[in-house]
Amino acid sequence: VDVHVHPRLFGLTDEKLLAEVEKAGLTYCVLLAAEGDLPALEREEIREKFNRRYKVRSIYSSWDVWSCYGSGYEAVKEFLQSLIKETITSAEVASIVKSYPEKFVGFGSLAPTKNEEYVEMKLEEIERLNLKGIKVLPTIQLFNPVENKNFERICEFSEKKGKVILYHTGCDPGPFEIPEMAEDANPKYLKPVLERYKPTIILAHMGSYSAYNPGIWFNEALELMKKYENVWADTSAVSFFIFGNEKIVNKIRETVGFDRILFGSDFPAVWGSSISYEVDVIKHCKYLTDEEKEKILGVNAANLLNLKPKK
């Protein structure tokens, strides 16, 4: 079971995705919607936040092509504009799932920066479309969970309705490769919200994705999982960092174990990778037991999402 796939990204057709899923031998695949709110960047507090962070970015980040802009606002705006064509709605994901119900599971999406009426409408839509979860990204959706009341509404709804939240952690492409710009995606900011609400939440990338500093917030993710039993993690885009390092594998085993670790490929977002390759990283990991591999590659996700085994 792959819990982290982006349908129709970069021109990927449904047929090509299905072929990739079959080639990798997946039983099920979770398709993620992704909706943003570019106008929110014009709010003074958001614009100034990125400008401030851009000014204090680390020295190693200054080599990044996204460090050549006059301000953080300009860098983020250009990047988000390039993503508009890659937006995929909850309804579109539900439509794909309806076409291939034996293979695909759908997660919706909504922009927490929009107004309360919009958020309530989108949550009702996710329920009506029978989607199993909600994908949110504090980076490209421009929010911090501590400061955003709508994220609390998402958590309350998910807890009540049994939806799973897939929550981006770690850096992200574009200007969000600069760690300071991706600060809102540090798992530590979830603590205050998780003290009040108990939704099932998956930390996408296990806090570890970063081109400059792989494993950037791995320890924060592990700490959150240790404290809250409702917090899980997927290993999308960081499979080699995690499964290619004996110390990291042992630390997970000793801290939280592998019952809440999920396989994710991030396909097709990881350049040059494939679902099959990501599966093989785990299958050939010499630091995992066979039982741990089975849990990560499917048993855990099947239990979490109530997926029926196929004959």
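For the sequence shown, position 285 (counting from the first letter as 1) is numbered 300 according to the working numbering, and the numbering increases by one without interruption.
Even for Gly, the Cβ is constructed at its ideal location relative to N, Cα and C.
This structure is a prediction, so every number in the text was calculated from the model and none was measured.
Collapsed DSSP secondary structure at residue i in the structure displayed
| i | result |
| --- | --- |
| residue 105 | helix |
| residue 274 | coil |
| residue 155 | coil |
| residue 319 | helix |
| residue 308 | helix |
| residue 257 | helix |
| residue 148 | strand |
| residue 252 | coil |
| residue 220 | helix |
| residue 161 | coil |
| residue 17 | strand |
Endpoints, beta strand (DSSP E) assigned at residue i
| i | result |
| --- | --- |
| residue 44 | 44–47 |
| residue 120 | 119–124 |
| residue 303 | Taken as a continuous stretch (DSSP letters only), residue 303 belongs to no beta strand (DSSP E), as it is neither H nor E. |
| residue 179 | 179–183 |
Anticipated Cβ contact below 8 Å, residue i with residue j, distance rounded
| i | j | result |
| --- | --- | --- |
| residue 48 | residue 290 | Contact doesn't hold; Cβ gap of about 19 Å is too wide. |
| residue 88 | residue 65 | 5 Å |
| residue 312 | residue 294 | 7 Å |
| residue 275 | residue 240 | 6 Å |
| residue 281 | residue 252 | 4 Å |
| residue 50 | residue 125 | 6 Å |
| residue 236 | residue 202 | 5 Å |
| residue 258 | residue 264 | 7 Å |
| residue 154 | residue 90 | Going by Cβ atoms, the distance from residue 154 to residue 90 rounds to 13 Å, so no, they are not a contact pair. |
| residue 121 | residue 112 | 4 Å |
| residue 149 | residue 114 | Not quite, the Cβ-Cβ distance comes to about 21 Å (not below 8 Å), so this is no contact. |
| residue 53 | residue 20 | Their Cβ separation, rounded to whole angstroms, is 24 Å, which puts residue 53 and residue 20 out of contact at 8 Å. |
| residue 82 | residue 193 | 7 Å |
| residue 179 | residue 147 | 6 Å |
| residue 298 | residue 308 | 6 Å |
| residue 2 | residue 103 | Absent from the structure is residue 2, since the part of the chain shown begins at 16 and ends at 326. |
| residue 204 | residue 161 | 5 Å |
Enclosing alpha helix (DSSP H) for residue i [first to last residue]
| i | result |
| --- | --- |
| residue 176 | 164–176 |
| residue 208 | 206–211 |
| residue 295 | 290–298 |
| residue 87 | 87–98 |
| residue 141 | 131–143 |
The segment 239–250 touching the segment 201–220, judged by at least three CB pairs closer than 8 Å: These segments touch.
The segment 81–101 touching the segment 189–198, judged by at least three CB pairs closer than 8 Å: Pairwise C-beta distances place the segment 81–101 in contact with the segment 189–198, as three or more of them are shorter than 8 Å.
Segments of 3+ residues assigned as beta strand (DSSP E) that fall wholly inside the segment 222–250: Within the segment 222–250, the complete beta strand (DSSP E) runs of at least 3 residues fall at 246–249.
Length at least 3, wholly inside the segment 20–64: the beta strand (DSSP E) runs in chain order: Along the segment 20–64, the beta strand (DSSP E) occurs as fully enclosed runs of 3 or more residues at 44–47, listed in sequence order.
Three or more C-beta pairs below 8 Å linking the segment 161–180 and the segment 119–138: Yes, the segment 161–180 is in contact with the segment 119–138.
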